[in-house]
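Visitor:
In this note's numbering, the protein residues as written are 43 to 208.
(1) Within 10 angstroms of its Cβ, does residue 90 collect 16 or more other Cβ (buried), or is it exposed?
(2) Mapping DSSP to helix, strand and coil, what is residue 172?
(3) Between residue 150 and the rest of its own chain, which residues show a CB-CB distance below 7 Å, the 5 nearest in sequence each way excluded?
(4) Measure the C-alpha to C-alpha separation of residue 51 and residue 127 and round it to an integer number of angstroms.
(5) Excluding five sequence neighbours on each side, which residues of the same chain lie with their C-beta closer than 6 Å to the C-beta of residue 130?
(6) From the DSSP output, in three-state form, read off residue 105 for me.
(7) Thinking C-beta only, is residue 198 closer than 8 Å to residue 181?
(8) How is residue 187 classed by DSSP in three states: helix, strand or coil?
(9) Could you give the first and the last residue of the continuous alpha helix (DSSP H) run that contains residue 49?
(10) Taking contact to mean 3 or more Cβ pairs, one atom from each stretch, closer than 8 Å, check whether the stretch 107-114 and the stretch 131-138 are in contact.
(11) Buried or exposed: which applies to residue 69, given that a residue is buried once 16 or more other Cβ atoms fall within 10 Å of its Cβ?
(12) Can you give the beta carbon distance from residue 171 to residue 143, rounded, assuming they're within the 8 Å contact cut?
(13) Would residue 24 be called buried (16 or more neighbouring beta carbons within 10 Å of its own) or exposed?
(14) Output needed for residue 192: all residues of its chain with C-beta closer than 8 Å, excluding positions within five of it in sequence on either side, in chain order.
(15) Give me the Cβ distance between residue 177 and residue 147, rounded to the nearest whole Å; I'm assuming they're in contact under 8 Å.
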């Protein structure tokens with residue numbers, strides 16, 4: 043991920059995190075970072091550490107599922123998971139990623155995927171998600187510049203609001 047994409051991803055998460063902490067003072071937030079291995083990290087590590095190398099998106103999703111199994115029973119918690127990415131993923135991981143997103147949708151109130159497309163192209167993973175994930179609690183948004191951040195967050199959360207109204 044280049045510097046512009048990292049800035050947009052971190053800004054997206056910072057704004058989302060700030061909104062959640064302001065609105066829900068008892069919310070428990072977990073941070074997961076991944077390249078080829080997903081791991082739980084501190085807030086400071088999440089917003090400041092630099093990851094590099096190849097990407098297996100499913101590794102982050104699997105770490106989230108593991109964390110949910112260990113700490114957050116879906117019958118006792120409202121669970122929201124969010125992922126921002128430039129869409130780069132090793133092609134051999136795409137099917138695992140789709141399977142993992144569906145598993146997350148099984149246990150989450152909302153799973154949101156934000157793709158950062160600074161050059162106006164759509165990634166393979168975004169195309170795969172569009173084709174293969176048909177869940178009411180899955181929201182996908184795209185961002186190209188910092189002016190898109192609030193609209194992306196609003197659109198993602200709007201998906202949950204319309205689902206709650208049903």
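Glycine is no exception: its CB is placed at the ideal position from the N, C-alpha and C atoms. Bear in mind the structure is a predicted one, so any value in this text is a computation, not a measurement.
Guide: Considering the structure as presented:
(1) Along the chain shown, read from residue 1 onward, the residue named residue 90 stands at position 48. With fewer than 16 Cβ atoms within 10 Å of its Cβ, residue 90 is classed as exposed.
(2) Stepping through the chain shown from its first residue, residue 172 is reached at position 130. Three-state result, residue 172: helix.
(3) Taking the chain shown and counting its residues from 1, one reaches residue 150 at position 108. So the list reads 121, 122, 123, 179, once near-sequence residues are dropped.
(4) For the purposes of this step, residue 51 is taken as residue 9 along the chain shown, with counting starting at 1. For the purposes of this step, residue 127 is taken as residue 85 along the chain shown, with counting starting at 1. So the two alpha carbons sit approximately 7 Å from each other.
(5) As a position in the chain shown, residue 130 is number 88, starting the count at 1. Excluding residues within five positions, the ones whose Cβ falls inside 6 Å are 97.
(6) Reading the chain shown from its first residue, position 63 is the one you call residue 105. Three-state result, residue 105: helix.
(7) Position 139 of the chain shown, counted from the start, is the residue given in the question as residue 181. Position 156 of the chain shown, counted from the start, is the residue given in the question as residue 198. Yes; because the gap between Cβ atoms is below 8 Å, this pair is in contact.
(8) Along the chain shown, read from residue 1 onward, the residue named residue 187 stands at position 145. Residue 187 falls in the coil class under three-state DSSP.
(9) What you label residue 49 is simply residue 7 of the chain shown in a count that begins at 1. Element bounds for residue 49: 45-65.
(10) no
(11) Here the question's residue 69 lines up with position 27 in the chain shown. The residue is exposed, with fewer than 16 neighbouring Cβ atoms inside 10 Å.
(12) Working through the chain shown from its first residue, we reach residue 171 at position 129. Working through the chain shown from its first residue, we reach residue 143 at position 101. About 7 Å; that satisfies the 8 Å criterion.
(13) The chain is shown from 43 up to 208; residue 24 falls before or after that span and cannot be answered.
(14) Start at 1 with the first residue of the chain shown, and residue 192 comes out as number 150. Here the set comprises 57.
(15) As a working mapping, residue 177 is identified with position 135 in the chain shown. As a working mapping, residue 147 is identified with position 105 in the chain shown. The Cβ separation is near 4 Å, so the contact holds.
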